[in-house]
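Asker: Protein chains in written order, with full-length UniProt numbering: chain A, 1 to 391; chain B, 1 to 391; chain C, 1 to 391.
Every residue, glycine too, gets a C-beta built ideally from N, C-alpha and C.
A quick note: this is a predicted structure, and the numbers were derived from the prediction, not measured.
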Amino acid sequence: MKTLYKLPLLDPQSTEGFKAVQLKGESPTNWSVNSYTLRGGLQEGVQVVEINNGKLSFAVLPTRGMGIWKGQCGEVALGWDSPVKDPVNPAFINLQDRGGLGWLKGFNEWFVRCGLNSMGAPGMDTVLDYSGNEFEVPLTLHGNIANVPARAVSIEVTDEAIIVRGEVDESMMFGPALRLNTEIRTEFGSGAMRITDTVTNLGNNPQEHEMLYHINYGAPILEEGARLVAPFKQVAPRDPRSTEGIDTFGEYGAPEIGFVEQAYLYDLAGQADNQQTITMLRNAAGDQASLLRFSLKDFPCFTQWKNTAGTADGYVTGLEPATNYPNSRRFEREQGRVISLAGGESRTTNITIEALDSKEAVTAVETEIRTLQETAQGTVHPQPLSNFSDC
Amino acid sequence: MKTLYKLPLLDPQSTEGFKAVQLKGESPTNWSVNSYTLRGGLQEGVQVVEINNGKLSFAVLPTRGMGIWKGQCGEVALGWDSPVKDPVNPAFINLQDRGGLGWLKGFNEWFVRCGLNSMGAPGMDTVLDYSGNEFEVPLTLHGNIANVPARAVSIEVTDEAIIVRGEVDESMMFGPALRLNTEIRTEFGSGAMRITDTVTNLGNNPQEHEMLYHINYGAPILEEGARLVAPFKQVAPRDPRSTEGIDTFGEYGAPEIGFVEQAYLYDLAGQADNQQTITMLRNAAGDQASLLRFSLKDFPCFTQWKNTAGTADGYVTGLEPATNYPNSRRFEREQGRVISLAGGESRTTNITIEALDSKEAVTAVETEIRTLQETAQGTVHPQPLSNFSDC
Amino acid sequence: MKTLYKLPLLDPQSTEGFKAVQLKGESPTNWSVNSYTLRGGLQEGVQVVEINNGKLSFAVLPTRGMGIWKGQCGEVALGWDSPVKDPVNPAFINLQDRGGLGWLKGFNEWFVRCGLNSMGAPGMDTVLDYSGNEFEVPLTLHGNIANVPARAVSIEVTDEAIIVRGEVDESMMFGPALRLNTEIRTEFGSGAMRITDTVTNLGNNPQEHEMLYHINYGAPILEEGARLVAPFKQVAPRDPRSTEGIDTFGEYGAPEIGFVEQAYLYDLAGQADNQQTITMLRNAAGDQASLLRFSLKDFPCFTQWKNTAGTADGYVTGLEPATNYPNSRRFEREQGRVISLAGGESRTTNITIEALDSKEAVTAVETEIRTLQETAQGTVHPQPLSNFSDC
């Protein structure tokens, strides 16, 4: 592998600021990298890195914790339409808004990380103050990381792939000091990207760590008759509302104004040797899909979020691989699912997100998933499990 | 009407950022438009559009929800002196500060919108979470809209008028998604501006909507002997403190250190055909005034806010046309005064604000108001009304 | 004294923004002034003024309330390593985070002001609303001033000294409106700087005022065997945890992972005539030190904060001259230690911070402190005093 370009877009040691670059080439595909800063309203100052590998394009948002705004692969649009129209600069977000739901004022990306120290439903939890005394604080929905700007961003173009890297600090004195280093890599002409995240505890003492990837799709993949295909050992509804839809949990309806969200918690099946698994959202015709490949060692918990509400309210489903289920951290700790990182410890994970735009490709993956499914019992619990959710 | 100039100052589709423009002309009056960005301290990044129609000038603040900082019409200064010296970038405002009074850390404009989903006194209210469950949240003073930056701003100069337009989104997933489109128009050589606001529910489900225009005046119009002239069916003090001043509610005293604010709630009289009404603040001599013309169909409730405190504490009165009274939203809902906008529904309102700088003009308007007053009983309630205020 | 350069770096009357200047000279020492703006991550937009008088250099942060990030005097590094790596733009800080400990997400400076209206431990306190009614609000750790950007910054170079000035407003309507005017002055070739702060109540009514200088040191001055040398009438541990270390309160240990902070509250001895006093942190060998000279009339209370935790968690001690002890404001008020500034009143204080880099200099100051100590009894209370702390 030969590096063609390697340059910082944002260097915290320099005063130059985020660089607007335009790179492009014709070999091996017509690729490009464009970086720029959004202006106006709540998006004032939001940095964007647009990457096009010749087939797949996507827009990374350094200012929003290296999330990914939206993507496109041929005719397959990746992302969704939120009532929040622009990517929001975290300077304008108060996570404590609306009883800890302030995160929802910036929620419109295709790929959003939830974490690093907590994620999931808002709820009270016990933390330590500067004197080591326990006290109760309200944790806000899905944590901080999507609303922390990246401090170092760089781009590399090799003869094989385009790689964007960034570093995001969720740090404080007398509390968790966690750093995310992310690398998003896509090969020329591929419909896939691979996201390699390393989370490091910068402090000396152990800290808790939770991570969930909120990967969201609206039309056109999501539509009436679209399906989530996933190999599972067991699946359970999150709450009574989700119980109502358990018979058709893998299928999606048309936009329905007033539809109340449903969520299904999966214990996925993985390959025996490396615990690799696949989940795929496919459209009704089976000629468009997006799939995730990851290891259950990295993300043992998977949540399917179904929000087939009215188009203007956000017609969307979320595929959510995670270190644990998105319940309150206190509940997840009780279930033994919250990771603890020792002082200085790092944890590296990988996920591949791929878009498919042909019937053949979709069918092949369905076969792959079916094969995995055959290794597991595939229990569907009609009611919530008390160790899966606290609802 | 012929358009001479039409240009975007801030285009969310462009990465250019807010444009510093200087337009001017000599016909039909010496007019000008200047836009620029404030720097330093809490005003860092605050955008300003200064408009001068040859007689009236005023400064719009896109960054603060298209509020109007201050104006000038001949010798008539429009606005007031707040302890908050600079226009504050919303990035530095936490509305939850000081028990929900954080709005007061940015309050110094002549014209401030309160809304869009709530306004008035802070208080607990019930909202829905992402699962449609009710929960209680503290609503902060006067809502969000004054602290949301406009996402699209443009200027138009015709052969008759200067028009500035802006778009402000108060949006979230799983909650209200309301958009304000405002047009502020002033004709050459006029002492007046007309503000046309359209609020649209971008979502599919009904959402509540409250709007109050907090239009504020200090010296020189406000002075000992200044008066508010308004045609009313009935007026009532808001609370016991306001009851103390009910005998002279329409008159103003000199600055008085330690003066505690008083507020009077008006049920105004309007013209029989179109419900148009007028309220005017005039100085003691009756040769300076500012008046509001609006329809009671748009703004059925009117509040007079008297805060004749010491000069350094903010010697100011507010004229406040609104969709309802500025009580907690919960109280206003109980009184049936909170508007509900259906999914996709828009509501458009108009108000004209005019400055007068001659005795003749002031007298003429007083006559106009007196004529309106003669159509109504003009009841002055000595005590708060239980359906007007919850104090 | 002759002025060589005098220029604004940030003028709120101008739209030019913070100026990047590079001044330097060779006489009487090789001095320089550099100003620039940091970019990337949480430091996006943070302004820095670096001053080098030929011996002592330091970096002032206008965006963080004119705090001082770090300094250097020969081989003596002034400052510390926090888990928070970059200076944080207040736009990204929510002081209400983590139960009122949000201040800790931006805490990494050598010199940080705590105040102006409150400082110390978070806690409930009673304030007045816009109607003069009392209500309870949670005060956050160490107040607002370190997270308010300066609105006016200027630099002056004379034939004797370099002076940087700034103005920081902690203001609101219906609440405290306090302005800090600071002047930081350093003479050519000196190891010292003098900070002159004037706090003015911009309003008409009395307002409470608290100020603490959080002056923080890590390695190399802080090390095993380092000592705080201070002349005291009495000293007491803040809480039970600090009681454990009372026998060695003046001495420091090596970094110790899991060390829980200790604090000692001093009633210092000062010179009989002008109440001038000195406190000094010196390294083990006694050839590096930093000392503070101030009057007990300005800062009657002094706190020593010992946080000899692991290096990655923040190995640091704070020397904290203050108007009162850093307990909750409610407790400090009960003890009669909270200052009230009348409407329009100003309060000016001075402090000199000096770095020493020779054994002779350190010894000379120790002698000076010993002389002062001989004028006082030097009582060491083994247990917390009920009027010094509420722990």
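Taking the CB atoms as reference points, tell me whether C:F259 and C:T303 lie closer together than 8 Å.
Answerer: Your numbering for residue 259 of chain C matches position 259 in the third sequence. Your numbering for residue 303 of chain C matches position 303 in the third sequence. The answer is no: Cβ separation not under 8 Å.
Asker: Is it true that the CB of A:P384 sits closer than 8 Å to the CB of A:A236?
Answerer: Mapped onto the first sequence, residue 236 of chain A falls at position 236. Mapped onto the first sequence, residue 384 of chain A falls at position 384. It is a contact, given that the beta carbons lie within the stated cut-off.
Asker: Helix, strand or coil for A:K19 per DSSP?
Answerer: The residue given as residue 19 of chain A occupies position 19 in the first sequence. Three-state DSSP puts A:K19 in coil, outside helix and strand.
Asker: Identify, in the order they occur along the chain, each residue of the same chain with its Cβ nearer than 7 Å to the Cβ of A:T140, setting aside the five sequence neighbours on each side.
Answerer: Sequence index remark: in the first sequence, residue 140 of chain A carries index 140 (1-based). Correct list, in chain order: L95, Q96, G100, G102, W103, P122.
Asker: Could you tell me the alpha carbon to alpha carbon distance between A:E224 and B:N52, rounded to whole angstroms?
Answerer: Counted from its first residue, the first sequence places residue 224 of chain A at position 224. Counted from its first residue, the second sequence places residue 52 of chain B at position 52. Roughly 55 Å separates the two Cα atoms.
Asker: DSSP three-state label for C:F331, please.
Answerer: Counting from one through the third sequence, the residue named residue 331 of chain C turns up at place 331. Correct three-state label for C:F331: helix.
Asker: My parser needs the beta strand (DSSP E) runs of 3 or more residues fully inside the segment 251 to 298 of chain B; what are they?
Answerer: 262 to 268, 276 to 282, 289 to 295
Asker: Evaluate C:Y266 with the Cβ neighbour count: other Cβ atoms within 10 Å of its Cβ, from every protein chain shown; 16 or more gives buried, anything less gives exposed.
Answerer: Along the third sequence, one-based indexing puts residue 266 of chain C at 266. C:Y266 is buried by the Cβ-count criterion.
Asker: For A:F135, decide whether its Cβ has a neighbour in chain C, counting only Cβ atoms nearer than 8 Å.
Answerer: As a first step, residue 135 of chain A must be located in the first sequence, where it is residue number 135. Yes, its Cβ sits closer than 8 Å to a Cβ of chain C.
Asker: Taking Cβ positions, are C:V21 and C:S35 nearer each other than 8 Å?
Answerer: The residue you call residue 21 of chain C lines up with position 21 of the third sequence. The residue you call residue 35 of chain C lines up with position 35 of the third sequence. Cβ atoms of C:V21 and C:S35: closer than 8 Å.
Asker: Between which residues of its own chain and A:D298 is the CB-CB distance below 6 Å, once the five residues before and five after are set aside?
Answerer: Sequence index remark: in the first sequence, residue 298 of chain A carries index 298 (1-based). Only T349 meet the Cβ criterion.
Asker: Count the other C-beta atoms from every protein chain shown that fall within 10 angstroms of the C-beta of A:M66, then say buried if there are 16 or more, exposed otherwise.
Answerer: Within the first sequence, numbered from 1, the residue matching residue 66 of chain A stands at position 66. Classification of A:M66: buried, given that the 10 Å Cβ count is 16 or more.
Asker: Near A:S118, what residues of its chain come up, given a Cβ to Cβ distance below 6 Å and the 5 sequence neighbours on each side ignored?
Answerer: Translated into positions along the first sequence, residue 118 of chain A becomes position 118. Taking C-beta separations shorter than 6 Å and ignoring five residues to either side along the sequence, the partners of A:S118 in its chain run L139, G143, E210, R329, following chain order.
Asker: For a contact defined as C-beta to C-beta under 8 Å, what are the partners of B:V127 on chain A?
Answerer: For the purposes of this step, residue 127 of chain B is taken as residue 127 along the second sequence, with counting starting at 1. By Cβ distance, chain A contributes R98, G99.
Asker: Examine chain B for any beta-carbon lying closer than 8 Å to the beta-carbon of A:N94, and answer yes or no.
Answerer: Here residue 94 of chain A corresponds to residue number 94 of the first sequence, with the count starting at 1. It does: the Cβ of A:N94 has a partner Cβ on chain B nearer than 8 Å.
Asker: Along the segment 160 to 179 of chain A, where does the CB come closer than 7 Å to a CB of chain C? Name the residues.
Answerer: Correct list: D169, S171, M172, M173, F174, G175, A177.
Asker: Measure the alpha-carbon distance for residue 438 of chain A versus B:I339 and round it to whole angstroms.
Answerer: Absent from the structure is residue 438 of chain A, since the part of chain A shown begins at 1 and ends at 391.
Asker: With distance defined between alpha-carbon atoms, name the residue in B:G132, B:D159, B:E134, B:C391 nearest to B:P28.
Answerer: To locate residue 28 of chain B, count along the second sequence from 1; it is residue 28. Selected option, being the one with the closest Cα: B:D159.
Asker: Under 7 Å between beta-carbons, which chain A residues line up against B:L56? List them in chain order, please.
Answerer: In the second sequence, counting from the first residue as 1, residue 56 of chain B sits at position 56. Under the 7 Å cutoff, chain A gives no residues; its nearest Cβ is about 27 Å from B:L56.
Asker: Do C:I278 and C:L128 have their C-beta atoms closer together than 8 Å?
Answerer: Mapped onto the third sequence, residue 278 of chain C falls at position 278. Mapped onto the third sequence, residue 128 of chain C falls at position 128. For C:I278 and C:L128, no; Cβs fall outside 8 Å.
Asker: Give the list of continuous alpha helix (DSSP H) stretches no shorter than 4 residues that lie fully inside the segment 301 to 376 of chain A.
Answerer: 311 to 314, 329 to 334, 359 to 373
Asker: Could you check which residue in C:L9, C:P87, C:D390 has the C-alpha nearest to that of C:E156?
Answerer: Residue 156 of chain C sits at position 156 when you count from the first residue of the third sequence. When each option's Cα is compared against that of C:E156, the closest is C:L9.
Asker: Could you work out which residues of chain C lie near A:D273, taking near to mean beta carbons separated by less than 7 Å?
Answerer: Counting from 1 along the first sequence, the entry for residue 273 of chain A is found at position 273. Going along chain C, no residue has its Cβ under 7 Å from A:D273, so there is no contact; the nearest lies around 37 Å.
Asker: Taking the straight line between their C-alpha atoms, what separation do you get for C:S190 and C:T375?
Answerer: Within the third sequence, residue 190 of chain C is the residue found at index 190, counting from 1. Within the third sequence, residue 375 of chain C is the residue found at index 375, counting from 1. Near 30 Å, if we compare the C-alpha coordinates of C:T375 and C:S190.
Asker: For A:C114, collect the residues of the same chain with a Cβ closer than 6 Å to its Cβ; drop the 5 residues on either side in sequence, then sort them by chain order.
Answerer: Working through the first sequence from its first residue, we reach residue 114 of chain A at position 114. So the list reads H142, G143, L212, H214, once near-sequence residues are dropped.
Asker: Taking only three categories from DSSP, how would you classify B:D390?
Answerer: For this step, residue 390 of chain B is matched to residue 390 along the second sequence. Coil.
Asker: Check distances from the C-beta atoms of the segment 197 to 219 of chain B to those of chain A and list, in chain order, the residues that come in under 7 Å.
Answerer: L202, G203, N204, N205
Asker: Within this structure, are the beta carbons of A:Y217 and A:V316 separated by less than 8 Å?
Answerer: Walking along the first sequence from the start, residue 217 of chain A turns up at place 217. Walking along the first sequence from the start, residue 316 of chain A turns up at place 316. Yes, the Cβ-Cβ distance between A:Y217 and A:V316 is below 8 Å.
Asker: Report the rounded CA-to-CA distance for A:P83 versus B:P176, giving the unit in angstroms.
Answerer: Residue numbering aside, residue 83 of chain A sits at position 83 when the first sequence is read from its first letter. Residue numbering aside, residue 176 of chain B sits at position 176 when the second sequence is read from its first letter. In this model, A:P83 and B:P176 are separated by some 9 Å (Cα to Cα).
Asker: Between C:G71 and C:W110, how many whole angstroms is the CB-CB distance? I'm expecting something under 8 Å.
Answerer: Here the question's residue 71 of chain C lines up with position 71 in the third sequence. Here the question's residue 110 of chain C lines up with position 110 in the third sequence. Sure, about 6 Å apart at Cβ, within 8 Å.
Asker: What residues from chain C crowd round B:P149, counting only those whose CB sits closer than 9 Å?
Answerer: Position 149 of the second sequence, counting from 1, holds the residue named residue 149 of chain B. Neighbours of B:P149 on chain C: none; closest Cβ ~12 Å, over 9 Å.
Asker: Pop quiz: B:R39 and C:E44 are said to be a contact at Cβ under 8 Å. What is the actual Cβ separation, rounded to whole angstroms?
Answerer: Indexing the second sequence from 1 puts residue 39 of chain B at position 39. Indexing the third sequence from 1 puts residue 44 of chain C at position 44. Not quite, the Cβ-Cβ distance comes to about 15 Å (not below 8 Å), so this is no contact.
Asker: Find the residues of chain A that neighbour B:A91, judging by a C-beta separation of less than 8 Å, and give them in chain order.
Answerer: Position 91 of the second sequence, counted from the start, is the residue given in the question as residue 91 of chain B. Under the 8 Å cutoff, chain A gives N89, A91, F92.
Asker: Excluding sequence positions up to five away, which residues of its chain have a Cβ less than 6 Å from the Cβ of C:N387?
Answerer: Taking the first residue of the third sequence as position 1, residue 387 of chain C is located at position 387. Here the set comprises Q335.
Asker: Beta-carbon within less than 7 Å of A:L4's beta-carbon, same chain only, minus the 5 sequence neighbours each way: which residues are those?
Answerer: Here the question's residue 4 of chain A lines up with position 4 in the first sequence. V157, T158, D159, listed in sequence order.
Asker: Need the endpoints of the beta strand (DSSP E) that A:S171 sits in, please.
Answerer: Counted from its first residue, the first sequence places residue 171 of chain A at position 171. Here A:S171 belongs to no beta strand (DSSP E), and DSSP marks it neither H nor E.
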